[in-house]
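Trainee:
Protein chains in written order, with our numbering: chain A, 1 to 238; chain B, 239 to 525; chain C, 526 to 874; chain D, 875 to 1109.
#1: Any idea if residue 273/B is buried or exposed, counting beta-carbon neighbours within 10 angstroms, 16 or more meaning buried?
#2: Check each residue of the stretch 961-981 of chain D: if its Cβ is closer than 9 Å to any Cβ of chain B, include it; give the result in chain order.
#3: May I ask you to list, following chain order, the residues of the stretch 527-557 of chain C that have a beta carbon less than 9 Å from some beta carbon of chain A?
#4: Is there a Cβ from chain D that is less than 8 Å from the Cβ of residue 237/A?
#5: Under three-state DSSP, which class holds residue 534/C?
#6: In whole angstroms, what separates the C-alpha of residue 685/C from that of residue 779/C?
#7: Given residue 291/B, which residues of its chain have a CB within under 8 Å of its CB, disregarding the five upstream and five downstream residues?
#8: Would you kindly work out how many angstroms separate the C-alpha atoms of residue 121/A and residue 1046/D, rounded to a whole number?
#9: Considering only their Cβ atoms, is the gap separating residue 145/A from residue 217/A smaller than 8 Å?
#10: Could you name each continuous beta strand (DSSP E) segment of 3 residues or more that falls completely within the stretch 704-741 of chain C, going from the start of the chain to the end?
#11: When the Cα of residue 239/A is compared with those of 78/A, 21/A, 200/A and 155/A, which residue comes out closest?
#12: Output, in sequence order along the chain, the residues in the stretch 344-376 of chain B whose CB is closer than 8 Å to any CB in chain C.
#13: From residue 125/A to residue 1093/D, what distance separates their C-alpha atoms?
#14: When the cut-off is 8 Å and only beta carbons count, does residue 579/C lie next to chain E?
#15: Chain C beta carbons: is any one of them nearer than 8 Å to that of residue 505/B?
#16: So is residue 237/A buried or exposed if we call it buried at 16+ other beta carbons inside 10 Å?
#17: Can you tell me where the alpha helix (DSSP H) holding residue 881/D begins and where it ends?
#18: Reducing DSSP to helix, strand and coil, say where residue 154/A ends up.
#19: Where residue 936/D and residue 591/C are concerned, what is the direct C-alpha to C-alpha distance, given to the nearest angstrom?
#20: For residue 255/B, count neighbouring Cβ atoms within 10 angstroms of its own Cβ and tell me buried if that reaches 16, exposed if not.
#21: On the DSSP letters alone, give me the boundaries of the alpha helix (DSSP H) that residue 252/B sits inside.
#22: Output, in chain order, the set of chain B residues within a Cβ distance shorter than 9 Å of residue 945/D.
#23: Apart from the five residues on each side of it in sequence, which residues of its chain come closer than 7 Å, Cβ to Cβ, to residue 453/B?
#24: Contact criterion: CB-CB distance below 8 Å. Does residue 525/B meet it with respect to chain C?
#25: Quick check on the DSSP output: the beta strand (DSSP E) that includes residue 1044/D runs from which residue to which?
#26: Determine the closest residue to residue 803/C out of 569/C, 561/C and 576/C, with distance taken between C-alpha atoms.
#27: Helix, strand or coil for residue 1070/D per DSSP?
#28: At 8 Å on the CB atoms, spell out the chain A contacts of residue 565/C, in chain order.
#29: Find the residues of chain C that neighbour residue 95/A, judging by a C-beta separation of less than 7 Å, and give them in chain order.
#30: What did DSSP end up calling residue 125/A once you bin it into helix, strand or coil?
#31: Leaving out the 5 sequence neighbours to the left and right, which residues in its chain are closer than 6 Å to residue 269/B when beta-carbon positions are compared?
#32: Tell me whether the beta-carbon of residue 408/B lies closer than 8 Å to the beta-carbon of residue 997/D.
#33: Whole angstroms are fine: how far does the CA of residue 796/C sit from the CA of residue 726/C?
#34: Is the number of C-beta pairs between the stretch 940-958 of chain D and the stretch 1023-1038 of chain D that are closer than 8 Å three or more?
#35: Listing by chain order, which chain A residues have their CB less than 9 Å from the CB of residue 912/D?
#36: Residues in its own chain within less than 8 Å of residue 631/C by CB, not counting five upstream and five downstream?
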């Protein structure tokens, strides 16, 4: 088990955003997470990455307790993440964005990470834009940069937060292909997404989240067919 | 017995420092902006009162009433046309602009009033003192302390009981949503700085009556105000009064031991509070 | 297909050549330059070094301190203590000045890092004031009124009489020339050192933290270590400079050595007007500072007023300073830092 | 003459285009619903109408007045009130103060006052002096709606009222919509909960990737059409 959450909960005043969440993710799995807006999906990510500290419960990564570890320590342990709204280093070039992640995330010199960064850029089709300031990238390129930068830290677990949001169908299909390559290299992936067709064509397991609770977990076919998901997700009286 | 007297003087001095700090705390509470020229504005206020006193022949306590609208207008336009442009998440612009402002103010005052120290004319009232049991308390320091209480009660009433106060707090929480309520954040910030300048002119009055002043003493006043605000906890006015009293007492006790140690002991009191309660004694809940 | 990283540009190569020639010219300058020129150049070089270290702290590290005068003062007083009490020759004592500043920097950082933004700035100012007041109590170094370097210490400073012989000048002129050369060495090592730091992975991480604090943490950048390194390095450098400045002056007092205007206000204006967050900025800034000083020297406070107004106007209209404006329009880079990925294949063609 | 309309409305975040020429109209005493997946431009549309996002002046019109480039506080003064996505109550204000601040830019003596808002949402009367942060999600949503009503707006913009709320709570809140309409406001409701939106709206617009892909009255739009317009490609 690469990641396991045990009875994790978090609340702000009267608003509970994570309610007794227990989740186990085996090595190499591709898990999708869906749920309506405000269901607590991003909160779940922030609890795993350490940007938010759980009120109770504990989080284990590769068997060791990271509940109170800082975002930096969790990154060094092997948890990579992309932000829902891309957060590039705007005044650095695309290549430099990756070098920062690789040299700090893997604690290596610049020379040692040079080829790896170039190779990642090639895989995410950003090689031609390597020397452009990240601030001048389009939305799709910014999302590709989020992905590449997370990959540059060579994570064992990659968290994707609505990375397909706002993309056209064609752009989405190309991005899914890149994520599939990453997954084939043995990287465990947890992907929050609204664009359902992007998820269902890729993930092996799907978890449904609402009001900060995991409502159900299962194969994409089971979940999409279940009455419950139809009702709360699409709101259409089924 | 002299210890009781020293501590009493220290408490009253704390009232003056709270007056220095109240304007700083108000503006920081609303805009997260610290004006490094705050001390120099206090000194400028003292010179403004001096000008009104000498040229219009008014007593200081009347001159300050005339100076208030002038200072409000000055503060309002300073915020609207200069400081509003520096607001944003980069901490550099407001710091560097107000630092430049502090240097400009000091030198404008130097050019216009020369470097020799001045003092507002005191009369029998301002130099009198009352005997309370074994100790005698100056009327002026007592008035300063009372004014500090009055200003803090007044600001709290404004803040928590009026529609303008609601607008201040709403804009401080979330300027974007505040504009959906019909609030113009730029004008709210300008009004806040204007009100802070009115508190500043009250502080200038007591500064000018209590001791000599010259164009270069602004920065020291800023530091005392800053220490009072930090000890008290950001944005809490009553905390600022307590912070001022702690600095005032530390300074007077230090001076009683060795005159050279007055400022030093004030700083050491500040640093020790900083060491144990980094967010001050009354940190605001959502700060 | 393997790759190479390129950083230097055509302009930076040309600039490097010019820089080398100019440096050689500066080294031999004392042979023909007058004593007042040497003293002015000494001021320019020392202010440049202070500006570079403040820029490293605020421009690159995002730590706006108004307390660097503490390290100038502590550096100077450590030098005087080591020379007067320890009998060490003033020149090697300059290194101890840096050590003294470093020792004070540790508790200062420990306290000041509890505050952030504007409160960090004023916190450093308070701590500098505390250090000044403590030093003023140090009776053996002249307490509040200050003291001077003793005759026998300044008589045979290392290398001074060989300069006297070499350039046949009086010993006081020889001391100025020695101070000038030391300042030149200090300036070159500082600019070179900061430029080297910016080209290491630490420098890149520093730029990343300044650009997006949250994102930097999420890719493993150790932000606290960055802050500490930058703070201690600038404290050491500022201390060494303080030692050198007061070795040349040979006279010291707490109010002078810990003066906010001379060692912090001027330095901030130099960096802001020149261009914060660049190495070229402070260089341009110190030249403007010197030009203004010579033009307005006898107008006293008008000089400071002009600096204040210029700083505000530039901060509001061109936050990246004069160099920022210039390099934006022309793309000129004397100290390029940007790493460009170049594939070896395209290089061979 | 429409009460409020957008004409070929474009919107950009830096160099990223969010809206590609959107035309919607709102008539007097009408409720329109705007549905669409996350990132389809619904909230950008609301931010453009409310003035949080600046546009060219004639891209948004209130009656005959072009307000595309007006600031949010001026538009609010005209009588266009917004219930922002995520409620956005002011933490340092109590429930009652949050309601009162709603009248800051537009003083009226219309139907909606403190008492009438408390009648609409009785739970708020007893919680009036509590800080708004101590309320549940549903109660906070009621305060956000009440706050917008306090200025007696002619147009009420509701952005994702169902966000993070249980279905029964959403139904409870939507029960208030007829009373709001009866008091003279026209509504634009942006909603993810399609069923709820269709139940109250006179007309529906469906958006995808910054364009209106479908519009009509709820009963003549089939579920399949909405499903396609909502998701684009079939799963």
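For glycine and all other residues, C-beta sits at the position ideal for the given N, C-alpha and C.
Mentor: Looking at the atomic coordinates:
#1: buried
#2: Cβ contacts with chain B come from 962, 963, 964, 965, 966, 967, 971, 972, 974, 975, 976, 977, 978, 979 and 980.
#3: So the close ones are 527, 528, 529 and 530.
#4: Caution is warranted here: a pLDDT of 43 is assigned to residue 237/A, below 50, making its placement in the model unreliable, and no coordinate value can be reported.
#5: Residue state, collapsed to three classes: coil.
#6: 28 Å
#7: Answer for residue 291/B: 297, 298, 301, 358 and 359, listed in chain order.
#8: 51 Å
#9: no
#10: The stretch 704-741 of chain C contains no whole beta strand (DSSP E) run of 3 or more residues.
#11: The structure shown has nothing for residue 239/A, since chain A only spans 1 to 238.
#12: 344, 345, 346, 348 and 349
#13: 46 Å
#14: In the structure shown, chain E does not exist; the protein chains are A, B, C and D.
#15: yes
#16: Only weak support is given to the placement of residue 237/A: the predicted model assigns it a pLDDT of 43, under 50, and the value that follows is read from those uncertain coordinates. It counts as exposed.
#17: Segment 878-887 is the beta strand (DSSP E) holding residue 881/D; no alpha helix (DSSP H) there.
#18: coil
#19: 52 Å
#20: Buried, since its Cβ has 16 or more Cβ neighbours within 10 Å.
#21: First-last of the alpha helix (DSSP H) with residue 252/B: 240-269.
#22: 417 and 422
#23: 281, 344, 347, 348, 351 and 353
#24: Residue placement at residue 525/B is flagged as unreliable, the pLDDT there being 34, under the threshold of 50; a coordinate-derived value is accordingly withheld.
#25: Segment 1041-1048 is the alpha helix (DSSP H) holding residue 1044/D; no beta strand (DSSP E) there.
#26: 576/C
#27: Helix, per DSSP.
#28: By Cβ distance, chain A contributes nothing, its closest Cβ being about 36 Å from residue 565/C, past 8 Å.
#29: 864 and 866
#30: coil
#31: 427
#32: Inclusion of residue 408/B and residue 997/D in the CB contact set at 8 Å is not warranted, their separation being larger than that value.
#33: So the two alpha carbons sit approximately 24 Å from each other.
#34: yes
#35: 37, 162, 165, 166, 194 and 195
#36: 757
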